[in-house]
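Undergrad:
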Amino acid sequence: MDGSVIGFYVLAAVTVLASLGVIGQRNPMYSVMLLIVSFGGLSGLYVLLDAPFSAVTQIIIYAGAIMVLFLFVVMLLNASKEEVARTVALGPGGMRMAAVLSVLLGIEMLWALSRVPSSWFAQDPSATAISDVRQIGIRLFKTATEPGEQWGHVFAFEATSILILVAMVGAVVIARKERSS
Amino acid sequence: MTFSPELAAHLGLIFVIFNMLVLSAAFMVWLERKVCAYIQDRVGPNRVGFEGALQPFADVIKLLLKEPLRPKAADAVLFTLAPIISTAAAFAAFSVVPFGTSTTLFGLLDEPGIPLHVTDVNVAVLVVFAIASMGVYGIVLAGWSSNSKYALLGALRSSAQMISYELSYGMALAAVILMASSLSLREIVLQQQGYWLGFIPKWYVFPQFLGFLIFMTAGVAETNRAPFDFPEAEQELVAGYHTEYSSMGFAMFFLAEYVNMVTVSAVATSMYLGGWLGPFLPDWLAWIWFLVKVFAILFFYVWMRWTLPRLRYDQLMEFGWKWLLPASVLNLIFTAALVLWMQ
């Protein structure tokens, strides 16, 4: 077996098991840590797909920045153990509905997966992956100077950054204490 | 992958680098105590070995033989895991730092031999940054899992500090990346070859002097050292996040701290001081320049620690957010404009 295939199975197993662990046990602190492990596994998969830039940004943004905030919240709330919910919030009708919906979702996913042509798997990942950061930059920020030329994703990028800025200002406004005048 | 002399040499190199990091941490402990002693007009350790040079090893043996204590109320799994995360993150960051050209081990290997680094990824700078951001977890978990108020407060301070200063750290590095137009540390070092006016080396420290200052300041905060050593402010927090640790757990936090210092210095050397580049020495001895530069920065760190008093916590936060971050953003914008204008 190829080394990268073994790597794939190991990393995939780590990712899936850690994700199951996140929802499977009641200590929120462990959930946070397992989620980080799962992100680490994902980032390893990106490395195998010859996309180191995605792998590193996955670690910096998700594991490094967002999860630290999660950890802070869990730590400061000092929720050592989740309470076991004795009474089910949904009634028996709701439970039936949920069961039907989850079965439907399962069928849907199987159907979608069965439609994936096998040629997708035969592709060499390195042929399609963009490992060079420069190329990623060009794809994102390319501006067309001549008519008919393909634009990059500048507009989507700028729109997203303005959206994030608005959200940030909003968060500051909400978090700020009312000054008594 | 088949077994080849190159592979064996590479594995040997990894082994050497790992042990060099451990030894440099031991050396730093000794240097710190010696320099501190001289600054305070004392002698410092002078019993074990020449001028106390074996003192760190004696300390390690002592720590190994101590009983590892764990508070009853502590979270056993995370309490054990925290020092491991800290140490692993500290060591992992060094894997992308190049410290010399390639070697053929005196002709044992075919040309061009093996390059002197563990791995050269094309996003090396980002890898250093990513691993540095993982180091926070070791400290936060140590503080939380100890279930002690001093440890928790120390961990909270430490993570708030590391998150605040990581921004300026990254912004300062981004300016160098703009100038070098590469994310590979080896590439960035090679960009600094040559001289201006025949004698000023083309190191990025000259065009990026403000960036260098920002990087060094943020680096001190990142490694939790004086004058930014709030996580372990003895007078207020006993020993901060590692208050409850004894024996090897404590030693591992100590090791992580010193290895982090070495890594920050090595990154500063590669990004701003031309890495292994330098006059007089032949190519295969170029790594000596690297060691000299890293040592100079480390000495500066120690010197600073025993010279400057600790700031107040609100001063630290104010300095980070209101001065250092705006300065690094301005530096980045100015550099970007300059690079565009030069094109």
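Residue numbers (our numbering), protein chains in the order written: chain A, 2 to 182; chain B, 3 to 345. Each residue gets a CB set at the ideal place from its N, CA and C atoms; glycine is no exception. Just so you know, these numbers come straight off a predicted model, no measurement behind them.
To be precise: take each residue of the region 25 to 55 of chain A, compare its Cβ to all Cβ atoms of chain B, and keep it if any distance is under 8 Å. Which residues remain?
TA: So the close ones are 30, 31, 34, 37, 53, 54.
Undergrad: Taking 8 Å as the CB-CB limit, is residue 114 of chain A close to chain B?
TA: Taking Cβ atoms only, chain B never reaches closer than 8 Å to residue 114 of chain A, which makes this a no.
Undergrad: Pick helix, strand or coil for residue 93 of chain A, following the three-state DSSP scheme.
TA: Helix.
Undergrad: Counting Cβ pairs closer than 8 Å, one from the region 89 to 98 of chain B and one from the region 275 to 294 of chain B, do we hit at least three?
TA: Verdict: no, contact absent.
Undergrad: Starting from the Cα of residue 170 of chain B, find the closest Cα among B:161, B:309, B:156, B:224 and give me that residue.
TA: Of B:161, B:309, B:156, B:224, the residue nearest in Cα terms is B:224.
Undergrad: Can you name, in chain order, every residue of its own chain whose Cβ lies under 7 Å from the Cβ of residue 154 of chain B, other than the five neighbours on each side?
TA: Correct list, in chain order: 145, 146.
Undergrad: Could you spell out where the alpha helix (DSSP H) holding residue 61 of chain B opens and where it closes?
TA: 57 to 67 is the extent of the alpha helix (DSSP H) around residue 61 of chain B.
Undergrad: Exposed or buried, residue 10 of chain A, counting other C-beta atoms within 10 Å across all chains shown (16 or more means buried)?
TA: Exposed, by the Cβ-count rule.
Undergrad: Name the one or two DSSP bridge partners that residue 203 of chain B has.
TA: Note: residue 203 of chain B sits in a beta bridge opposite B:197.
Undergrad: Taking 8 Å as the threshold (beta carbon to beta carbon), is residue 65 of chain A in contact with chain B?
TA: Yes, residue 65 of chain A counts as interfacial toward chain B.
Undergrad: Identify the continuous alpha helix (DSSP H) that holds residue 17 of chain B and give its terminal residues.
TA: Residues 7 to 41.
Undergrad: Provide the residue span of the alpha helix (DSSP H) that contains residue 337 of chain B, from first to last.
TA: Where residue 337 of chain B is concerned, the enclosing alpha helix (DSSP H) stretches over 327 to 344.
Undergrad: For a contact meaning CB atoms closer than 8 Å, what does residue 169 of chain A contact in chain B?
TA: Residues of chain B passing the Cβ test: none, with the nearest at roughly 14 Å.
Undergrad: Based on Cα-Cα distance, which residue from B:312, B:21, B:277 lies nearest to residue 299 of chain B?
TA: That would be B:277, whose Cα lies nearest to the Cα of residue 299 of chain B.
Undergrad: Step through the CB atoms of chain A and report whether any lies within less than 8 Å of the CB of residue 118 of chain B.
TA: Answer no: the Cβ-Cβ gap between residue 118 of chain B and chain A never drops below 8 Å.
Undergrad: Which residue wins for smallest C-alpha separation from residue 135 of chain B, given the options B:320, B:266, B:195, B:22?
TA: That would be B:266, whose Cα lies nearest to the Cα of residue 135 of chain B.
Undergrad: For residue 60 of chain A versus residue 39 of chain A, is the C-beta spacing smaller than 8 Å?
TA: Not closer than 8 Å, so no.
Undergrad: Report the rounded CA-to-CA distance for residue 190 of chain B versus residue 74 of chain B, giving the unit in angstroms.
TA: About 50 Å.
Undergrad: Given that a residue counts as buried once 16 or more other Cβ atoms are within 10 Å of its Cβ, and exposed if not, what is residue 34 of chain A?
TA: Result: buried.
Undergrad: When the Cβ atoms of the region 160 to 180 of chain B are set against those of the region 323 to 336 of chain B, are three or more pairs found closer than 8 Å?
TA: Yes, the region 160 to 180 of chain B touches the region 323 to 336 of chain B.
Undergrad: In chain B, which residues lie with their C-beta within 7 Å of the C-beta of residue 72 of chain A?
TA: Per Cβ cutoff of 7 Å: 142.
Undergrad: In whole angstroms, what is the alpha-carbon distance linking residue 55 of chain A and residue 67 of chain A?
TA: Residue 55 of chain A and residue 67 of chain A: Cα-Cα distance of roughly 16 Å.
Undergrad: Is there a C-beta anywhere in chain B that falls below 8 Å from the one on residue 76 of chain A?
TA: Interface residue, yes.
Undergrad: Checking contacts by CB at 8 Å: is residue 133 of chain A closer than that to chain B?
TA: Chain B, which has a Cβ nearer than 8 Å to the Cβ of residue 133 of chain A, makes this yes.
Undergrad: Check the Cβ of residue 138 of chain B against every Cβ in chain A and list those closer than 7 Å, keeping chain order.
TA: Near residue 138 of chain B (Cβ distances below 7 Å), the residues of chain A are 69.
Undergrad: Could you have a look at residue 318 of chain B and say whether DSSP puts it in helix, strand or coil?
TA: Looking at residue 318 of chain B - three-state DSSP - the assignment turns out to be helix.
Undergrad: So, does the CB of residue 61 of chain A fall closer than 8 Å to a CB anywhere in chain B?
TA: Yes - at least one Cβ of chain B is within 8 Å of the one on residue 61 of chain A.
Undergrad: Check the Cβ-Cβ distances between residue 17 of chain A and every residue of chain B, and say whether any is below 8 Å.
TA: Not closer than 8 Å to any Cβ of chain B, the Cβ of residue 17 of chain A fails to qualify, so no.
Undergrad: When you compare the CB of residue 6 of chain A with every CB in chain B, is at least one pair closer than 8 Å?
TA: Taking Cβ atoms only, chain B never reaches closer than 8 Å to residue 6 of chain A, which makes this a no.
Undergrad: Under three-state DSSP, which class holds residue 260 of chain B?
TA: DSSP places residue 260 of chain B in helix when its eight states are reduced to three.
Undergrad: Of all the options B:160, B:100, B:152, which has the alpha carbon lying nearest to the alpha carbon of residue 272 of chain B?
TA: Here the closest residue by C-alpha is B:100.
Undergrad: Give me the Cβ distance between residue 28 of chain B and residue 52 of chain B, rounded to the nearest whole Å; I'm assuming they're in contact under 8 Å.
TA: The Cβ separation is near 14 Å, so there is no contact.
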